[in-house]
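Heads up: the structure comes next, in structure tokens.
Chains as they are written, first to last, in my numbering: chain A, 1 to 217; chain Z, 1001 to 1247.
Below, the structure written as structure tokens:
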């Protein structure tokens, strides 16, 4: 990838546990995006769902990285209302990396109404702030583990997001690998190689979006 | 297009102030497996992270209240003095989130007529309680829907037939030989997705054109709407509402 494919773009990146530990997605993604010229504020909140970013919700862990400084948080971590985050950072692109926390992997029935309510609540608030957004869906995991992640549900979740995140543009992480290709530590969270691959693919996919290219300065 | 099951008339449901307080308790007490002593910045990939839920214990549930009569009425929740007025300008409440299977009680009131509401909502269900004239009295109809058509790129339009005067109800696009909905039973609902276009519709009862055309206005992609057919003095009338959910 040529250097500077994201030059001049101020990104607010929000995510779940994948963005909440240093060896997870937080560090490689932050570094990949900034290497391409973006200014990045990345916030992770373990277990946070879309609706949790409409308010302040306590979560069991989280991380916040801005201007190079990273703060990894334990139980003091919270989400923040998206309106406040946008008002403070004034990003010209919001990137949401969220899906596993809403897939109900351990439940036979998928909670459509709840998921729709949370997703549209978040996308409407972002749209109301007149800020473009991209939603990155979940990646394949390895079946089983303590979260009961499974291929069938993650595929359904990605499809549900694809239909419901507009006006955000959807990036389908399932296209980045084959099921089980990226090794996990618990069925859902990847090892370092997996996160590096996911990060590289997200960065490349973002840079390829015409909407994102239109934001470059 | 699907028709939803219904529970007509008799046993019913309510809301307002009380219902507003029944917000989902989805994300309560479930971070029970937090690791003690999480060391900031020192965790490796092999480190475990606190177990968190990947969804709610039950899907969301919603209830709304619609005035399907020709005059204004009031809605009250049991045990509350708060009242909501529903009239021609604002014939519906929003969908209030409620806890699945909880008792929802209240009352429609219009002049000296009352209709007691008592109902519950299933997980994932959107319930509409429609007040209707019953001669000089008041009654209501309860219709539940479990939608699976959520889509931010399309308009979702429902058609509720709450008029006993209108068998085999249909909605035809004005100026075009296109039926949006056909042969809908009394006390039933159906829903479909359409493109976000500006159209007017004409109610048909059987094959009979009934009432005046209704301009649906600028329908927005991702939004959900309902057209209600309700009994009027000597005919059936239709009106459209947004299926807005309380945020």
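Every residue gets a Cβ at the ideal spot worked out from N, C-alpha and C, and that includes glycine. Keep in mind it's a predicted model, so treat the numbers as computed, not measured.
Per DSSP, residue 7 of chain A lies in no beta strand (DSSP E) segment and is marked neither H nor E. Counting of Cβ neighbours within 10 angstroms places residue 178 of chain A among the exposed residues, the total staying below 16.
Residues of chain Z whose Cβ lies closer than 7 angstroms to the Cβ of residue 117 of chain A are, in chain order, 1060, 1245.
Contacts with chain A at 8 angstroms (Cβ-Cβ) include residue 1151 of chain Z.
Put simply, the CB of residue 80 of chain A is far from chain Z, with every gap to its CB atoms at 8 angstroms or more.
The beta carbon of residue 1136 of chain Z sits closer than 8 angstroms to the beta carbons of 1113 from its chain, once the five residues preceding and following it are set aside; these are given in chain order. Around residue 1196 of chain Z, no beta-carbon contact reaches into chain A at under 8 angstroms, the shortest distance being about 11 angstroms. Excluding its 5 nearest sequence neighbours in each direction, residue 39 of chain A has C-beta neighbours in its own chain below 6 angstroms: 10, listed in chain order. Interface with chain A (8 angstroms Cβ-Cβ cutoff): residue 1160 of chain Z is excluded.
Taking 8 angstroms as the cut-off, the Cβ atoms of residue 1226 of chain Z and residue 1158 of chain Z count as close. The three-state reading of DSSP puts residue 1052 of chain Z in coil, since its state is none of H, G, I, E or B. With a threshold of 8 angstroms between beta carbons, residue 1222 of chain Z makes contact with chain A.
Only exposed fits residue 1218 of chain Z, as fewer than 16 other CB atoms lie within 10 angstroms of its CB. Rounded to the nearest whole angstrom, the CA to CA distance from residue 187 of chain A to residue 200 of chain A is 21 angstroms.
Only residues of its own chain outside the window of five on either side were considered, and among them 16, 47, 48, 49 have a CB closer than 7 angstroms to the CB of residue 101 of chain A, listed in chain order.
Taking the beta carbon of residue 1055 of chain Z as reference, the chain A residues within 9 angstroms of it are 49, 101, 102, 103, 104, 105, 106, 107, 110, 111, 114, 115, listed in sequence order.
With contacts defined by Cβ atoms closer than 8 angstroms, residue 44 of chain A and residue 20 of chain A form a contacting pair. The Cβ atoms of residue 85 of chain A and residue 12 of chain A lie closer than 8 angstroms to each other.
Classified as buried, residue 1145 of chain Z has 16 or more neighbouring CB atoms from the shown chains inside 10 Å of its CB.
Between residue 1200 of chain Z and residue 1215 of chain Z, the C-beta spacing is below 8 angstroms. For residue 154 of chain A, the closest alpha carbon among the candidates A:65, A:98, A:28, A:72 is that of A:98. In chain order, 62 place their CB closer than 6 angstroms to the CB of residue 73 of chain A, counting only its own chain and leaving out the 5 sequence neighbours on each side.
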